[in-house]
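Let me begin by presenting the structure, written as structure tokens, before commenting on it.
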Amino acid sequence: MTFFENVNRINYEGPSSKNPLSFKYYNPKEVINGETMEEILRFSVAYWHTFTADGTDPFGVGTMVRPWNNYKGMDLAKARVEAAFELFEKLNVPFFCFHDADIAPEGSTLKETYANIDTIVSMIKDYMKTSKTKLLWNTANMFTNPRYVHGAATSNNADVFAYSAAKVKKGLEVGKELGAENYVFWGGREGYETLLNTDMKLEQDNLGRFFHMAVDYAKEIGFNVPFLIEPKPKEPTKHQYDFDVATGLAFLQKYNLQEFFKFNIEANHATLAGHTFEHELRVARINGMLGSVDANQGDSLLGWDTDEFPTDLYSTTLAMYEILKNGGLGKGGLNFDAKVRRGSFEPEDLFHAHIAGMDSFAIGLKVANKLIEDKVLDDFVTERYSSYTEGIGLDIVEGKTDFKKLEAYALGLTEIKNSSGRQERLKALVNQYLLETLSK
Ligand code: XLS
Ligand code: NI
Ligand code: NI
3 MTFFENVNRI NYEGPSSKNP LSFKYYNPKE VINGETMEEI LRFSVAYWHT
53 FTADGTDPFG VGTMVRPWNN YKGMDLAKAR VEAAFELFEK LNVPFFCFHD
103 ADIAPEGSTL KETYANIDTI VSMIKDYMKT SKTKLLWNTA NMFTNPRYVH
153 GAATSNNADV FAYSAAKVKK GLEVGKELGA ENYVFWGGRE GYETLLNTDM
203 KLEQDNLGRF FHMAVDYAKE IGFNVPFLIE PKPKEPTKHQ YDFDVATGLA
253 FLQKYNLQEF FKFNIEANHA TLAGHTFEHE LRVARINGML GSVDANQGDS
303 LLGWDTDEFP TDLYSTTLAM YEILKNGGLG KGGLNFDAKV RRGSFEPEDL
353 FHAHIAGMDS FAIGLKVANK LIEDKVLDDF VTERYSSYTE GIGLDIVEGK
403 TDFKKLEAYA LGLTEIKNSS GRQERLKALV NQYLLETLSK
């Protein structure tokens, strides 16, 4: 059966095309620096937003009109798989991602839940035999069901810890079965609401223990993929333990987990933490911890995770700058952890949204690549730090000096001269590159 009857395969038609259902900038075959756009960008569709969510918000029920809405239970789960692979093919995306709970309904027991998952996983596996779309990552939903009211691995309740371990164990098996390229941990309720009832030390120690057990089991079954922590400062819990990349990194270092993990960085989570998207990418990159990206955007007027499709070209440019500087995403990808607005409820909107996101990152890629090629920022930064390439600066970076020598040097200084950081000039330059790329 066909779910998206009004939509054909989306092709690259170039910037002058008037066809809304075409790519204007994302040309999967276009080669940039020896790699195709498809290989560099590694786009992924998020199952939960596109096939599972219905547009429910705290003030009203779902609005999404979906061709699978008349199915129930396992039939619904199966219809979603069919619809998913139709959309993947029509969008020509190389990857998708899911939570266990997105693909199959929970049963009344854990055993039943496993059976539901197994049925759908074998269906997905069949589809994957003929589809080009691969699994970027899977994860366990440990936040929706009321059992996670006090957290999962950080719950005060050891039974919940055990249940969560079982879910992740199953998730690792599923990831292996489907050839997932990564496994993600987003600690939805791994945090706390009030210190008055919280043993923070025990909760964090338990989370460390949980991750070690996950690492051990993955090794045992030969599922050797990067584990990714997805930082988020708040929502749903008030204080989340994996607040941002820096906090996550300190956690991983403290619990000796750093070699097994990288980060999955989500744009809207960065802004919720009071950072820019590119800040989080930079912190991960310079520490060798950039694993994958949840590509979306927030709203500067709203203080929660709006998960909009990314359309801000300035942001996609600076994000792609970090990604290219990282030498690409490796096994990671750009996963659209993004949802159409509640008012964009027609099935066709799912395509418009993904096209918008894919074109926006394609533009970002082109601009960032040009900025790097022309060394626009590199040359400026190199010059700005040139005081560390000779004299006292070189002694500092080479560890050849100490406070006494530095004091002697400082006492001998007659004048300290700084030079301008040229922030406005650099911003204008980035704009110029953006506009030049767009006008070609
Ligand atoms: C929610 C998170 C979630 C993760 C996967 O804010 O972004 O969707 O990506 O659990
Ligand atoms: Ni996410
Ligand atoms: Ni989000």
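When we follow the numbering used here, the leftmost residue of the sequence shown carries the number 3, and every step to the right adds one. By construction, the Cβ of each residue, glycine as well, lies at the ideal position given by its N, Cα and C atoms.
May I ask you to list the residues that DSSP assigns as paired with residue i?
i, result
"Ser46", "Phe97, Asn337"
"Lys136", "Phe97"
"Val369", "Val369 pairs with nothing; no bridge assigned."
"Tyr14", "Phe25"
"Asn266", "Ser294"
"Ile357", "Paired residue(s): none; Ile357 is not in a bridge."
"Val378", "Partner(s): none; Val378 has no beta bridge."
"Phe187", "Ile231"
"Gly193", "Gln242"
"Ile34", "Glu37"
"Thr141", "His101"
What do you reckon, is the C-beta of residue i under 8 Å from a heavy atom of ligand 2?
i, result
"Asn184", "no"
"Glu268", "yes"
"Trp139", "no"
"Asp296", "yes"
"His271", "yes"
"Trp306", "no"
Could you check the C-alpha separation between residue i and residue j for me, to the nearest Å?
i, j, result
"Asn29", "Asn258", "42 Å"
"Pro238", "Thr273", "16 Å"
"Gly334", "Phe98", "11 Å"
"Gln425", "Leu379", "11 Å"
"Gly190", "Ser421", "45 Å"
"Lys256", "His101", "28 Å"
"Glu183", "His277", "28 Å"
"Gly305", "Met360", "25 Å"
"Leu283", "Leu43", "15 Å"
"Phe87", "Met130", "9 Å"
"Ile394", "Glu385", "16 Å"
"Ile374", "Val432", "11 Å"
"Lys449", "Val47", "The shown model of the chain, from 3 to 442, leaves out residue 449, and the question about it has no answer."
"Phe263", "Lys234", "16 Å"
"Val123", "Leu292", "29 Å"
"Glu32", "Lys372", "15 Å"
"Glu310", "Thr318", "13 Å"
"Glu1", "Thr391", "Residue 1 lies beyond the range of the chain shown here (3 to 442); nothing can be said about it."
"Leu2", "Lys178", "Past the boundaries of the shown model lies residue 2; the chain is included only from 3 to 442, so the question cannot be answered."
"Leu336", "Ala355", "14 Å"
"Val383", "Arg287", "17 Å"
"Thr38", "Val295", "19 Å"
"Leu320", "Phe338", "17 Å"
"Phe225", "His241", "32 Å"
"Gly181", "Leu137", "7 Å"
"Thr146", "Pro107", "12 Å"
"Ser110", "His271", "33 Å"
"Ala117", "Trp188", "24 Å"
"Ile223", "Glu175", "8 Å"
"Val63", "Gly57", "7 Å"
"Tyr323", "Thr313", "16 Å"
"Ile325", "Ala410", "43 Å"
Would the beta-carbon of residue i be found less than 8 Å away from any heavy atom of ligand 5?
i, result
"Lys234", "This structure lacks ligand 5; the ligands present are ligand 1, ligand 2 and ligand 3."
Taking 8 Å as the line, does the beta carbon of residue i fall inside it for any heavy atom of ligand 1?
i, result
"Thr4", "no"
"His241", "no"
"Ala48", "yes"
"Asp277", "A quick correction: the sequence has His, not Asp, at residue 277. The answer is no for His277."
"Gly335", "no"
"Asn147", "no"
"Trp70", "no"
"Glu237", "yes"
"Gly190", "yes"
"His101", "yes"
"Asn258", "no"
"Asn8", "no"
"Asn143", "yes"
Given 8 Å as the limit, tell me if residue i has its C-beta closer than that to any heavy atom belonging to ligand 3.
i, result
"Asp1", "Outside the modelled stretch of the chain, which goes from 3 to 442, sits residue 1, for which no answer is possible."
"Asp339", "yes"
"Asp218", "no"
"Asp309", "yes"
Going along the chain, which unbroken runs of the beta strand (DSSP E) with 3 or more residues stay wholly within the region 36 to 94?
Runs of the beta strand (DSSP E) inside the region 36 to 94: 45 to 48.
Runs of 4 residues minimum, wholly inside the region 206 to 249: which ones carry the alpha helix (DSSP H) assignment?
For the region 206 to 249, not a single whole alpha helix (DSSP H) run of length 4 or above is found.
Which ranges would you report for the beta strand (DSSP E) in the region 388 to 413 if only whole runs of at least 3 residues count?
Complete beta strand (DSSP E) runs here, min 3: none at all.
At which residue ranges does the region 271 to 318 contain complete beta strand (DSSP E) runs of 3 or more residues, listed in the order of the chain?
With a minimum length of 3 residues, the continuous beta strand (DSSP E) runs that stay inside the region 271 to 318 are 292 to 296.
Fully enclosed by the region 150 to 184, which beta strand (DSSP E) runs are 3 residues long or longer?
For the region 150 to 184, not a single whole beta strand (DSSP E) run of length 3 or above is found.
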